[in-house]
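Enquirer: Under the numbering used here, the first residue of the sequence shown is numbered 39, with each subsequent residue one higher. Ideal Cβ positions, reconstructed from N, Cα and C, are used throughout, including at glycine.
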Amino acid sequence: MPHPLHVAFIWHQHQPLYKYRDGKYRLPWVRLHGTKDYLDLILLLEKYPKLHQTVNLVPSLILQLEDYIAGTAFDPYLELALMPVEQLQAAQKQFIIRHFFDANHHTLIDPHPRYSELYHQRQEHGEPWCFEQWVDRDYSDLLAWHNLAWFDPLFWEDPEIAHWLKQDRDFSLSDRQRIYSKQREILRRIVPQHRKMQESGQLEVTTTPYTHPILPLLADTNVGRVAIPNMTLPEQRFRWAEDIPRHLSKAWEMYKDRFGCAPRGLWPSEQAVSPEMLPYVAQQGFKWLCTDETILGSTLGHYFHRDGAGNVLEPEALYRPYKVSTPDGDLSMVFRDRRLSDLIGFTYSGMPAETASADLVGHLHAISRSLIAKEGHDGTSLEKPWLVTIALDGENCWEHYHLDGKPFLEHLYQTLSDDETIKLVTVSEFLDEFPATASFPAPSLHTGSWVDGSLTTWIGDPAKNRAWDLLTTARQVLANHPEATETNNPAAWEALYAAEGSDWFWWFGEGHSSNQDAMFDQLFREHLIALYQALNEPVPAQLSLAVESHERKTTYRPEGFINPKIDGSGDEQDWNFAGRLEIGGASGTMHQSSPIQRVYYGADHVNFYLRMDFRAGVKPGVEIPNELNLAWYYPKETMHNSPIPLAELPRKAPTNYRFHHRLLIDLTTKYTWLQEAMDYDRWEARSSNALVAWDKCLEIAVPWADLNLEPDYGLQMALVFSDCGRYRQHIPEQGWISLQVP
């Protein structure tokens with residue numbers, strides 16, 4: 039019997055607990071994402087009834103939505119938006135200028151003339167100028183637009199929203215109050231719409247442990263060493279496995295109350311899994327859970343390789359559910375295709391909607407062809423039921439898409455509706471029809487998450503470890519109060535659950551940063567303080583101190599994918615998650631004498647990106663050499679390598695190394711010349727579609743296709759300046775720029 043290729047989309051909707059015990063919310067993201075990302079996703083899907091999907095709603099998100107709906111949630115941003123502007127104090131005005139542009143300016147600010155006008159005044163003239171020059175009218179418009187811009191385009195046909203968008207400026211307090219009321223109207227529809235579509239069969243709604251904790255680390259923080267044997271652990275060992283069933287039970291009961299049935303699927307927080315957590319998941323009654331392909335690969339002892347197009351070479355191992363037996367019942371596990379998920383999450387936003395949609399469907403067709411080949415028959419259709427799982431964050435990526443991803447999803451959904459060879463299903467309906475036939479022993483399940491198959495995002499860094507020590511001490515204090523039960527002292531337990539959430543550890547230490555790091559630090563400590571206060575215990579002095587300093591470091595590795603516009607403008611938002619090397623700034627080794635100030639670098643699935651900032655007025659061929667050589671070396675790959683073809687190269691690393699690719703850029707003309715190393719130290723020219731722009735800075739994009747590299751290749755790169763073929767300088771002075779092909 040022929041089968042279509044079954045595809046399960048799973049969208050993860052999550053926000054941490056921004057609420058403190060005084061009832062005040064510290065940040066506005068539940069409210070703003072609620073008007074932009076949670077309802078529109080499934081309303082779009084509803085227009086394509088053949089397509090079934092799964093959405094995960096985290097309990098901590100639902101609780102906060104309900105507070106806003108009830109009118110009991112007020113965050114500082116909302117309080118300012120509802121305040122008469124003539125009553126604003128100086129500190130409040132400065133806060134508004136600094137934080138009310140916290141959005142992707144390409145997609146949420148620039149399309150709206152008045153919002154864009156205010157934003158570019160701040161960017162061009164600076165915050166002090168705005169504070170001195172802006173009048174009440176400017177503040178009122180900014181307070182309105184900070185909320186208006188987050189209404190999803192799907193709601194722009196609403197008469198009131200359409201009126202405000204057309205109005206553009208001169209917003210009154212009454213307008214801002216009505217905007218807030220409209221936000222609550224949209225928030226009120228989110229959970230009922232999910233329930234309605236689940237009851238119709240088009241949607242499956244899943245849940246997550248109550249406040250999104252990393253369950254393997256609740257069981258034992260020492261499991262961080264499973265993936266990273268030499269990991270530095272916290273001074274105190276957190277071992278409170280009994281908290282796992284508490285989080286699962288609270289999520290279970292909350293789900294039953296809101297959806298009128300029991301959940302079947304579990305999205306483990308950050309897709310973090312371990313053998314120790316599985317019996318608790320089965321005991322609670324869950325039937326399946328989702329995690330990452332890296333976990334499956336490590337479990338099977340089988341790394342998933344990809345071809346040059348990024349498609350898995352072992353599809354028969356990845357695209358199927360697995361059964362895991364526990365003493366408390368069997369569980370099914372599905373493993374997401376990391377690359378397909380990341381393409382939606384990080385890369386397709388920089389492509390035209392139709393092109394991106396066609397690329398994703400093309401990958402699915404390629405998967406079908408490879409599976410047919412693996413089945414070993416002469417037919418042209420699948421004879422077995424296979425399941426491709428695409429699972430990703432369902433809210434943050436759309437901020438980078440044109441019109442919040444609406445054109446992309448419409449193209450994609452229409453294409454999939456018309457394609458008889460692909461069938462979109464919920465995970466449960468696939469498992470009901472085609473139960474898992476593959477299996478592995480529960481003890482062999484790899485302990486890790488969807489981030490590199492490890493837990494280093496949440497433990498191992500000095501700041502993360504300090505946070506774990508604070509949490510461990512507080513947890514022991516609660517254990518010392520057996521009389522404090524969830525019934526008679528719910529405040530203590532709710533504070534513990536909030537502090538156990540994963541988000542605080544995500545932002546601590548290396549790896550991730552935002553302009554709200556200090557607030558996340560404060561929220562974590564506030565939850566712990568609330569625990570001590572609920573127990574009438576003295577609050578430790580260290581909880582009054584930040585877990586770490588929140589000064590932005592000048593040199594750091596990439597923190598995520600980037601997709602900058604190559605125009606030489608050096609847009610800071612475009613390079614926000616790039617790696618950075620300080621070359622000639624205050625902490626640079628060449629200090630202010632260097633015309634080269636700093637280097638940014640990063641990638642998405644399409645391009646490698648590089649940006650160089652120079653001292654003002656620098657001209658190539660005068661203050662700096664007129665040629666830049668990008669030289670790539672692939673340390674773990676066997677291939678021809680040759681010396682950089684420049685005269686007077688120093689005989690020391692990295693310039694004495696042999697490289698495989700070299701891109702020569704004439705900084706005067708922006709001409710590029712790509713070469714590949716051959717035998718006998720020869721170089722041959724290759725075609726290139728590299729982009730180069732220089733205005734305020736130098737920006738470069740080099741397509742991975744130019745380099746003909748397979749995904750997951752590690753690379754090291756040196757930047758070498760030359761004049762007319764003669765070496766002049768290289769950066770960084772020590773070491774390399776290191777990166778991995780996505």
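Where do the ends of the beta strand (DSSP E) carrying residue 461 lie?
Expert: Element bounds for residue 461: 460-462.
Enquirer: The alpha helix (DSSP H) that contains residue 575, what's its start and end?
Expert: Counting along the chain, residue 575 falls outside any alpha helix (DSSP H), and DSSP gives it neither H nor E.
Enquirer: Report the residue ranges of all alpha helix (DSSP H) runs contained in full by the region 533-570; include only those spanning at least 4 residues, in chain order.
Expert: Within the region 533-570, the complete alpha helix (DSSP H) runs of at least 4 residues are 541-545.
Enquirer: With distances taken from CA atoms, which of 572, 548, 489, 549 is nearest residue 523?
Expert: Ranking 572, 548, 489, 549 by Cα distance to residue 523 puts 572 first.
Enquirer: Straight-line CA distance for residue 467 to residue 479?
Expert: Cα to Cα, residue 467 sits roughly 24 Å from residue 479.
Enquirer: Select from 473, 423, 394 the residue whose C-alpha is nearest the C-alpha of residue 440.
Expert: It is 394.
Enquirer: Which word fits residue 494, buried or exposed, when buried means at least 16 other C-beta atoms lie within 10 angstroms of its C-beta?
Expert: When all chains shown are included, residue 494 counts as buried.
Enquirer: Using the rule of at least 16 other Cβ atoms within 10 Å of the residue's Cβ for burial, across every protein chain shown, is residue 312 buried or exposed?
Expert: Result: buried.
Enquirer: Quick one: using the 10 Å Cβ neighbour count with 16 as the cut-off for buried, is residue 517 buried or exposed?
Expert: That one is exposed.
Enquirer: Checking the sheet assignment: what are the DSSP bridge partners for residue 302?
Expert: According to DSSP, residue 302 bridges with nothing at all.
Enquirer: Count Cβ pairs between the region 487-503 and the region 542-549 that sit closer than 8 Å; are there 3 or more?
Expert: In short, these stretches touch, since the Cβ pair count reaches three.
Enquirer: Which partner residues does residue 93 have in the DSSP bridge list?
Expert: In the DSSP output, where bridge partners are listed per residue, residue 93 has 49, 243.
Enquirer: Given this structure, state the Cα-to-Cα distance separating residue 509 from residue 458, to the nearest angstrom.
Expert: Distance between the alpha carbons of residue 509 and residue 458 is about 52 Å.
Enquirer: Exposed or buried, what is residue 39 when buried is set at 16 or more other beta-carbons lying within 10 Å of its beta-carbon?
Expert: It is exposed - the Cβ of residue 39 has fewer than 16 other Cβ atoms within 10 Å.
Enquirer: Are the beta-carbon atoms belonging to residue 765 and residue 684 less than 9 Å from one another?
Expert: It is a contact, given that the beta carbons lie within the stated cut-off.
Enquirer: When the Cα of residue 279 is compared with those of 304, 295, 251, 290, which residue comes out closest?
Expert: The option with the nearest alpha carbon to residue 279 is 251.
Enquirer: Assign residue 199 to one of three DSSP states: helix, strand, or coil.
Expert: It is helical.
Enquirer: Does the distance from the CB of residue 303 to the CB of residue 233 come in under 9 Å?
Expert: Not in contact: residue 303 and residue 233 (Cβ atoms no closer than 9 Å).
Enquirer: In or out: residue 657 buried (at least 16 other Cβ within 10 Å) or exposed?
Expert: Answer is exposed; the Cβ neighbour count stays below 16.
Enquirer: Which value, in whole angstroms, describes the spacing of the CA atoms of residue 255 and residue 84?
Expert: Answer to the nearest angstrom: the Cα atoms are 38 Å apart.
Enquirer: Throw me the rounded Cβ distance for the residue 721 and residue 644 pair, which I believe falls under 8 Å.
Expert: Going by Cβ atoms, the distance from residue 721 to residue 644 rounds to 25 Å, so no, they are not a contact pair.
Enquirer: Would you tell me roughly how many angstroms separate the C-alpha atoms of residue 626 and residue 620, rounded to the nearest one?
Expert: A caution first: residue 626 carries a pLDDT of 41, below 50, which makes its placement in the model unreliable, though a value can still be read off. Distance between the alpha carbons of residue 626 and residue 620: 5 Å.
Enquirer: Using the C-alpha atoms, what's the distance from residue 653 back to residue 662?
Expert: Each residue's alpha carbon lies about 10 Å from the other.
Enquirer: If you measure between the beta carbons of residue 768 and residue 693, is that distance less than 9 Å?
Expert: Going by C-beta atoms, residue 768 is nearer than 9 Å to residue 693.
Enquirer: Output yes or no for whether 9 Å exceeds the beta carbon distance between residue 757 and residue 660.
Expert: Contact: no.
Enquirer: Note down, one range per segment and in chain order, each beta strand (DSSP E) of at least 3 residues found wholly within the region 254-342.
Expert: Those beta strand (DSSP E) runs which fall completely within the region 254-342 and span 3+ residues are 326-330.
Enquirer: Of the choices 462, 131, 189, 192, whose alpha-carbon is the least far from that of residue 165?
Expert: Nearest C-alpha to residue 165: 131.
Enquirer: What number of angstroms, rounded off, separates the C-alpha of residue 154 from the C-alpha of residue 142?
Expert: If you take the alpha carbons of residue 154 and residue 142, they lie about 11 Å apart.
Enquirer: Is it right to say residue 706 is buried, meaning 16 or more other beta carbons lie within 10 angstroms of its own, or is it exposed?
Expert: With fewer than 16 other Cβ atoms within 10 Å, it is exposed.
Enquirer: What is the DSSP secondary structure of residue 647, reduced to helix, strand or coil?
Expert: It is a strand residue.
Enquirer: Hey, would you say residue 41 sits closer than 9 Å to residue 424, going by beta carbons?
Expert: The answer is yes: Cβ separation under 9 Å.
Enquirer: Which of the three DSSP states is assigned to residue 363 in this structure?
Expert: Three-state result, residue 363: strand.
Enquirer: Check whether the region 531-538 and the region 563-571 touch, using three or more Cβ-Cβ pairs below 8 Å as the test.
Expert: Result yes; three or more Cβ-Cβ pairs closer than 8 Å.
Enquirer: Using DSSP with H/G/I as helix, E/B as strand and the rest coil, what is residue 235?
Expert: Residue 235: helix per DSSP, three-state reduction.
Enquirer: Taking the alpha carbon of residue 342 as the reference point, which residue from 748, 760, 762 has its own alpha carbon closest?
Expert: Considering only alpha carbons, the answer is 748.
Enquirer: As a quick exercise: from 739, 122, 703, pick the residue whose alpha carbon is nearest that of residue 649.
Expert: The shortest C-alpha separation from residue 649 is found at 739.
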